[in-house]
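Right, one structure below, let's go through it.
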Ligand code: DQA
């Protein structure tokens, strides 16, 4: 099994960025945690972070025929991007939306998620553990 892990804008600044919301651990810490869990589950990962919407769309398109599942935290593009929604709909790869915080309990502008409509599950407010849960969801989904 091969899983693509996508992280959107400003998630490269984890640890530095608003630690009261996002914690003190870094993006590298997140990837190391995911890589270790994937190895234990006999899954390969490709991890990509970008601050650019089009790069994330390209990564989703390039996953067609290669990835069995996608874990995505689109960050701020969650609330603005029809392009990311359309990309996931186009490739039809099972996708789990993850957020470190729970956007539904934050500012009103964070309450809309465009990509949610194309995702098999959304996991919010569980920090790094949400990504691990997403990995297990995709493994179960692909084995079913
Ligand atoms: C986020 C929530 C978004 O509203 C925000 O723009 C982010 C991170 C989260 O992981 O909680 O950048 O996706």
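Residue numbers (my numbering): 2 to 145. Using N, Cα and C, we set each Cβ at its ideal position, and we do this for glycine too. Since the model is a prediction, treat every value here as computed from it, not as a measurement.
Worksheet item: What does DSSP give as the partner residues of residue 74 in its beta bridges?
Response: Position 73 of the chain shown, counted from the first residue, corresponds to residue 74. Residue 74 is bridged to 8.
Worksheet entry | residue 97 in three-state terms, based on DSSP | Stepping through the chain shown from its first residue, residue 97 is reached at position 96. Looking at residue 97 - three-state DSSP - the assignment turns out to be strand.
Fill in: Contact between the stretch 121 to 135 and the stretch 26 to 39 (3+ Cβ pairs under 8 Å)
Touching, per the Cβ criterion.
Worksheet item: Near the ligand DQA, which residues have their beta-carbon less than 6 Å from any of its heavy atoms, given in chain order?
Response: Per the Cβ criterion, the list is 11, 74, 76, 77, 79, 100, 101, 102, 104 and 111.
Worksheet item: If you draw a straight line from the alpha carbon of residue 108 to that of residue 79, how long is it in whole angstroms?
Response: Here residue 108 corresponds to residue number 107 of the chain shown, with the count starting at 1. Here residue 79 corresponds to residue number 78 of the chain shown, with the count starting at 1. Roughly 13 Å between the two C-alpha positions.
Worksheet item: Closest by CA to residue 122, which one among 73, 81, 66 and 20?
Response: Looking up residue 122 in the chain shown gives position 121. Of the residues 73, 81, 66 and 20, the one whose Cα lies closest to the Cα of residue 122 is 73.
Discussion item. To the nearest angstrom, how far is the alpha carbon of residue 147 from that of residue 55?
Written reply: The shown model of the chain, from 2 to 145, leaves out residue 147, and the question about it has no answer.
Worksheet entry | Beta-carbon proximity check, residue 125 vs residue 104, cutoff 8 Å | For this step, residue 125 is matched to residue 124 along the chain shown. For this step, residue 104 is matched to residue 103 along the chain shown. Contact flag set, yes.
Worksheet item: Is the distance from the Cβ of residue 76 to the Cβ of residue 5 below 8 Å?
Response: Counting from 1 along the chain shown, the entry for residue 76 is found at position 75. Counting from 1 along the chain shown, the entry for residue 5 is found at position 4. No. Outside cutoff.
Item to complete: Taking only the alpha-carbon atoms, compute the straight-line gap between residue 106 and residue 36 and give it to the nearest angstrom.
Response: Here residue 106 is taken as the residue at index 105 of the chain shown, counted from 1. Here residue 36 is taken as the residue at index 35 of the chain shown, counted from 1. Looking at the two C-alpha atoms, the distance is approximately 30 Å.
Worksheet item: How long is the line joining the alpha carbons of residue 34 and residue 41, rounded to whole angstroms?
Response: The count along the chain shown starts at 1 and reaches residue 34 at position 33. The count along the chain shown starts at 1 and reaches residue 41 at position 40. Roughly 11 Å separates the two Cα atoms.
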